[in-house]
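Heads up, the thing below is written out as structure tokens.
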Amino acid sequence: MAKVKGAIVVDTERCKGCELCVISCPTQVIAMSRKVNSKGYHYAYMENPDACNGCTNCAIVCPDGVITVYRKKIVTTEV
Amino acid sequence: MAEVDLKDIIAEENVVYKKTKVLTDKPMHYCPGCGHSTLHRIIAEVIEEMGIQDKTIGIAPVGCAVFMYDYIDVDSQEAAHGRAPALATAIKRLLPDRYVFTYQGDGDLAAIGTAETIHACNRGENITMFFVNNGIYGMTGGQMAPTTLEGMRTSTTPYGRDYHLMGHPIKITDLVAQLPGTYYVTRQAVHTANYVRKTKKAVRKAFEYQARGKGVSFVEVVSNCNSGWKMPPVQAVKWLDENMLPYYPLGDIKVPQD
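Listed in order, the protein sequences are those of chains V and R.
Residues in the first sequence are numbered from 1 upward in steps of one, following the numbering used here.
Residues in the second sequence are numbered from 1001 upward in steps of one, following the numbering used here.
Laid out in structure tokens, this is it:
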């Protein structure tokens, strides 16, 4: 059985904290950090990484293109 | 199922989306959540996918997108306020093998540059025009634009736009679709992932149709202006969905018949 797992990497220095990625994520993976970057914006991060399936919704809605998306097919041999 | 370490997923061979190289690394000056940056990114992605970075010339407007040439890594020219279609006409006629596009806001294209817009579209110049419609003059502090909705509060219409006094919002995209010189006219949005995907297809078509040499490809993008509307980005996106889209319905207005 194969399962698709995804992950995102946020360029925290360029993130402006608009939260559009948070509302566009279908699996509620992203949240805003309590920390701020050097410009004073709360940046996005993966709060719930297990649920990410790498759909790229967050990255293509991100105005500043700060999100890089990775996706990998995990093949497991379950009995 | 065994837990998969994030380090296994985050590897170069698993990348499915990353920022295009056609966008420069300079942080954009736009407000958080602004549709301008999304459209910049879409245009840059399409230029990269089509492999036309060396053959594209962009015309920057006056307005929020005035520094477009800093962000999209293609040859650019800065036009006087509203005169981007005139400059694009000149460049396209002198260098007909280049892909020439203008990028304008509603103050530039639909207010001061209406004459240039209408006549460039009527002459059927082989250029691509991107029109960002956010219903307000964003850069100068949120004054009423020709595209401001009826009843919408701006800094110059504090009690809402009254059409008895200020007229009706102009649908310039529907106007230019009536002209024989336009080849492809469409209205899109960039505030959700679904609309971004559709807009990207429209932007790609707009560039591809330019190579056919049949007339203007005109793409309107209904966008949000969080600072001008005085709302946080998430609320502005919702407001756009509920108020802008009923007046500016999305979709293709004129599609090529051949």
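The beta-carbon is built from N, C-alpha and C at its ideal position, and this holds for glycine as well.
With 16 other Cβ atoms within 10 Å as the buried cut-off, status of C55 (chain V): Looking at its Cβ environment, which holds 16 or more other Cβ atoms inside 10 Å, C55 (chain V) is buried.
Along the beta strand (DSSP E) that carries I1010 (chain R), what are the first and last residues, could you check? Here I1010 (chain R) belongs to no beta strand (DSSP E), and DSSP marks it neither H nor E.
Any Cβ of chain V within less than 8 Å of the Cβ of C1225 (chain R)? No, its Cβ sits nowhere closer than 8 Å to a Cβ of chain V.
Based on the DSSP output, what are the partners of E1220 (chain R) in its beta bridges? Listed as beta-bridge partners of E1220 (chain R) by DSSP are R:F1131 and R:R1187.
Residue range of the alpha helix (DSSP H) that I1047 (chain R) falls in? Looking at the DSSP string, the run of the alpha helix (DSSP H) that includes I1047 (chain R) is G1035 to M1050.
Can you tell me whether M1152 (chain R) is helix, strand or coil according to DSSP? If DSSP states are grouped into helix, strand and coil, M1152 (chain R) belongs with coil.
By the criterion of Cβ-Cβ separation under 7 Å, what are the contact partners of S1155 (chain R) in chain V? Neighbours of S1155 (chain R) in chain V, taken as residues whose beta carbon is under 7 Å from its own, are absent, since the nearest beta carbon is some 22 Å off.
Among V:V10, V:E19 and V:V9, which one has its Cα closest to the Cα of T1192 (chain R)? Closest option to T1192 (chain R), judged by alpha-carbon separation, among V:V10, V:E19 and V:V9: V:E19.
Using only CA atoms, which one of R:E1049, R:T1089, R:D1073 and R:G1124 lies nearest to A1079 (chain R)? For the options R:E1049, R:T1089, R:D1073 and R:G1124, the alpha carbon positioned closest to that of A1079 (chain R) is the one of R:T1089.
Nearest to H1081 (chain R) (by Cα), restricted to the options R:D1075, R:N1122 and R:A1065: Taking H1081 (chain R) as reference, the option from R:D1075, R:N1122 and R:A1065 with the minimal CA-CA separation is R:A1065.
Counting only C-beta atoms, is K1201 (chain R) closer than 8 Å to chain V at any point? No, no contact with chain V.
N-terminal and C-terminal residue of the beta strand (DSSP E) that I67 (chain V) is part of: For I67 (chain V), the enclosing beta strand (DSSP E) begins and ends at I67 to V75.
Quick check for students: name the residue ranges of the alpha helix (DSSP H) that lie wholly in the segment 1046 to 1085 of chain R, counting only runs of 4 or more. If we require 4 residues or more, the alpha helix (DSSP H) runs fully inside the segment 1046 to 1085 of chain R come out as 1068 to 1071.
Alpha carbon to alpha carbon, what distance is there between Q1143 (chain R) and Y1137 (chain R)? Each residue's alpha carbon lies about 5 Å from the other.
Let me make sure I understand the geometry here. Which of V:H42, V:Q28, V:V66 and V:K5 has the alpha-carbon closest to that of I1009 (chain R)? Nearest option by C-alpha distance: V:K5.
For I74 (chain V), I'd like the list of residues in its chain whose CB is within less than 8 Å of its CB, leaving aside the five on either flank, ordered along the chain. A distance below 8 Å between beta-carbons, with the five flanking residues on each side excluded, links I74 (chain V) to the following residues of its chain, in chain order: A2, K3, V4 and K5.
Start-to-end residues for the alpha helix (DSSP H) that takes in R1098 (chain R): It is not in any alpha helix (DSSP H) - R1098 (chain R) carries neither H nor E in the DSSP assignment.
Quick one: what does DSSP say H1119 (chain R) is sitting in, helix, strand or coil? Correct three-state label for H1119 (chain R): helix.
Could you give the distance in angstroms between the alpha-carbon of D1106 (chain R) and the alpha-carbon of V1016 (chain R)? So the two alpha carbons sit approximately 34 Å from each other.
With DSSP run on the structure shown, which of helix, strand or coil describes K1201 (chain R)? Residue state for K1201 (chain R) is assigned as helix, using DSSP reduced to three classes.
For T1182 (chain R), the residue or residues it bridges with in DSSP: Answer is R:V1216, bridged to T1182 (chain R).
Using a Cβ-Cβ cut-off of 8 Å, state whether T68 (chain V) counts as contacting chain R. Proximity of T68 (chain V) to chain R, defined by a Cβ-Cβ separation below 8 Å, is satisfied.
As assigned by DSSP and simplified to three states, the class of S38 (chain V): DSSP places S38 (chain V) outside both helix and strand once states are collapsed to three, so it counts as coil.
Is it right to say T76 (chain V) is buried, meaning 16 or more other beta carbons lie within 10 angstroms of its own, or is it exposed? Exposure of T76 (chain V) is indicated by the presence of fewer than 16 other C-beta atoms within 10 angstroms of its C-beta.
Helix, strand or coil for D1106 (chain R) per DSSP? Of the three classes helix, strand and coil, the one that applies to D1106 (chain R) here is helix, per DSSP.
Say whether chain R places a C-beta atom closer than 8 Å to the C-beta of R34 (chain V). Taking Cβ atoms only, chain R never reaches closer than 8 Å to R34 (chain V), which makes this a no.
On the three-state DSSP scale, how would you describe A31 (chain V)? Residue state, collapsed to three classes: strand.
Three Cβ pairs or more, each shorter than 8 Å: is that satisfied between the segment 1123 to 1130 of chain R and the segment 1218 to 1225 of chain R? Segments in contact, yes.
I'd like to know whether the C-beta atoms of K16 (chain V) and P1032 (chain R) end up nearer to each other than 8 Å. Yes, the Cβ-Cβ distance between K16 (chain V) and P1032 (chain R) is below 8 Å.
Would you be able to state if there are at least three C-beta pairs under 8 Å between the segment 53 to 72 of chain V and the segment 23 to 30 of chain V? Put simply, the segment 23 to 30 of chain V touches the segment 53 to 72 of chain V. At least three CB pairs are less than 8 Å apart.
Beta carbon proximity, V4 (chain V) to chain R, threshold 8 Å: Cβ-Cβ to chain R under 8 Å: no for V4 (chain V).
Please classify M1001 (chain R) as buried or exposed, where buried requires at least 16 neighbouring CB atoms within 10 angstroms. Any reading at M1001 (chain R) must be qualified, since the residue scores a pLDDT of 47, below 50, and its modelled position is unreliable; the value itself is stated next. Residue environment analysis places M1001 (chain R) among the exposed positions, since fewer than 16 neighbouring C-beta atoms fall within 10 angstroms of its C-beta.
Under 9 Å from the C-beta of V10 (chain V): neighbouring residues of chain R: The CB of V10 (chain V) never comes closer than 9 Å to any CB in chain R; the least such distance is about 12 Å.
Can you tell me which of the three DSSP states M1001 (chain R) falls into? Note on M1001 (chain R): pLDDT 47, under 50, position unreliable in the model; no value is reported.
Burial state of D1108 (chain R), where buried means 16 or more other Cβ atoms lie within 10 Å: Buried, since its Cβ has 16 or more Cβ neighbours within 10 Å.
Spatial neighbours of Y1069 (chain R) within its chain, please: C-beta separation below 6 Å, excluding the five flanking residues on both sides. These residues qualify, in order along the chain: A1060 and S1076.
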